[in-house]
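S.K.: Residue numbers (numbering that gives the first Met the number 0): 0 to 233. Attaching a single structure in structure tokens format; questions to follow.
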Amino acid sequence: MREQLSKEIKMMKKLSHPNIIRYLGNDGLKTSLCPEIAMPLREGSLRDLVNKGVPNHIQLCVVILEQMLCALDYLANHNVIHRDVKPDNILYETLPHSNGGYRFQLADFGIAHLLSEPSVALGTCYYAAPEIFPKISGVDAAPSPKTDVWSLLATMLAVYTKFVDFPPLQSDYRAVLKKLKDLLAQNRGLAPMGRLCPNRRVSAAQMLRDRFEGRGLTTPRNKIEPTPPEDVIP
Numbered sequence: 000m001r002e003q004l005s006k007e008i009k010m011m012k013k014l015s016h017p018n019i020i021r022y023l024g025n026d027g028l029k030t031s032l033c034p035e036i037a038m039p040l041r042e043g044s045l046r047d048l049v050n051k052g053v054p055n056h057i058q059l060c061v062v063i064l065e066q067m068l069c070a071l072d073y074l075a076n077h078n079v080i081h082r083d084v085k086p087d088n089i090l091y092e093t094l095p096h097s098n099g100g101y102r103f104q105l106a107d108f109g110i111a112h113l114l115s116e117p118s119v120a121l122g123t124c125y126y127a128a129p130e131i132f133p134k135i136s137g138v139d140a141a142p143s144p145k146t147d148v149w150s151l152l153a154t155m156l157a158v159y160t161k162f163v164d165f166p167p168l169q170s171d172y173r174a175v176l177k178k179l180k181d182l183l184a185q186n187r188g189l190a191p192m193g194r195l196c197p198n199r200r201v202s203a204a205q206m207l208r209d210r211f212e213g214r215g216l217t218t219p220r221n222k223i224e225p226t227p228p229e230d231v232i233p
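This is how it looks when you write it as structure tokens:
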């Protein structure tokens, strides 16, 4: 546990973005059996918010998607893969004087790693990208920032269906892929994020440019490659 917390602290100290939770300090990391990380207090997780029920659910999904794409684009520019993007690791706060607006922040960097570090298969099965399970998916590729893009896709489909249609009841990854394929057929705007092959999957920067007029980009526009032609999970 201490080693994992040390890694998370090291990672969080390097990051500064409005959609990534801020590191405030730690207590007892070297001496306590139960060391703690201090972060700003938030109202709850994305799962909590959806389960609570909010008006304008579809518009909320758009806001979540844009803010999390901004966070992932920032991480990609710092050569960081989060590796565990999911509803429980996205926190929210109600913004003052915003008429019910929210800020969403990505948290829990315990298994994040730099691209230069060795890769291991970690993350939550329901939200994990195909390259994390190559024997099942047939996708032979190293984890990359696009691994997080897939996880955000799965997160958005879970939120969009209010956790009714996703995750599936079966924990088998084949069932996860099938359910995602079915849901993508109903949500074509997210299809570029759901391409099995990472080389054809869009980056967070491409999604921000194509869907949100480039708002919140960290990647310079002239460094963003053209988006691959449209297709879906085969």
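Cβ coordinates follow ideal geometry from the N, Cα and C atoms, glycine included.
Let me know if K222 comes out buried or exposed under the rule of 16 or more other beta-carbons within 10 Å of its beta-carbon.
M.R.: exposed
S.K.: Among residues of its own chain, excluding the 5 on either side of G188, which ones have a beta-carbon nearer than 8 Å to its beta-carbon?
M.R.: R210
S.K.: Hey, K85 and S136 are a contact pair by Cβ (cut 8 Å); roughly how many whole angstroms apart?
M.R.: No, K85 and S136 are not in contact; Cβ-Cβ is about 18 Å, not under 8 Å.
S.K.: Please report how far the alpha carbon of N18 lies from the alpha carbon of H77, in whole angstroms.
M.R.: In this structure, the straight-line span from the alpha carbon of N18 to that of H77 is close to 15 Å.
S.K.: Just to confirm the assignment: which complete alpha helix (DSSP H) runs, minimum length 4, are found wholly within the region 154-178?
M.R.: none
S.K.: Is I57 buried or exposed, if buried means 16 or more other CB atoms sit within 10 Å of its CB?
M.R.: exposed
S.K.: If you count every other CB in all the chains shown that lies within 10 Å of the CB of T93, and 16 or more means buried, which is it?
M.R.: exposed
S.K.: If you draw a straight line from the C-alpha of G100 to the C-alpha of F108, how long is it?
M.R.: 25 Å
S.K.: For S44, count the other beta carbons within 10 Å of its own beta carbon; 16 or more makes it buried, fewer makes it exposed. Which is it?
M.R.: buried
S.K.: Let's test the definition: count the other Cβ atoms within 10 Å of the Cβ of P133 and tell me whether it reaches 16, buried, or not, exposed.
M.R.: exposed
S.K.: Quick check on E212: buried or exposed, where buried means 16 or more other Cβ atoms within 10 Å of its Cβ?
M.R.: exposed
S.K.: Would you kindly report the start and end of the unbroken alpha helix (DSSP H) that includes F211?
M.R.: A203 to F211 is the extent of the alpha helix (DSSP H) around F211.
S.K.: L90 lies in the beta strand (DSSP E); which residues open and close that run?
M.R.: I89 to T93
S.K.: Give me the Cβ distance between R41 and L90, rounded to the nearest whole Å; I'm assuming they're in contact under 8 Å.
M.R.: 4 Å
S.K.: Mapping the DSSP letters down to three states, classify L23 as helix, strand or coil.
M.R.: coil
S.K.: In three-state terms, what does DSSP make of V84?
M.R.: coil
S.K.: Would you check if the distance between the CB atom of A190 and the CB atom of P144 is smaller than 8 Å?
M.R.: no
S.K.: What first and last residue would you give for the beta strand (DSSP E) that runs through L105?
M.R.: Y101 to L105
S.K.: Note down the Cα distance separating D47 from L68, rounded to an integer number of angstroms.
M.R.: 20 Å
S.K.: Is the beta carbon of P166 less than 8 Å from the beta carbon of Y125?
M.R.: In this structure, P166 sits near Y125, with a CB-CB distance shorter than 8 Å.
S.K.: Taking only the alpha-carbon atoms, compute the straight-line gap between K9 and H81 and give it to the nearest angstrom.
M.R.: C-alpha of K9 to C-alpha of H81: approximately 13 Å in a straight line.
S.K.: How far does the alpha helix (DSSP H) with L68 in it extend, from its first residue to its last?
M.R.: It spans H56 to N76 - the alpha helix (DSSP H) in which L68 sits, taken as one unbroken run.
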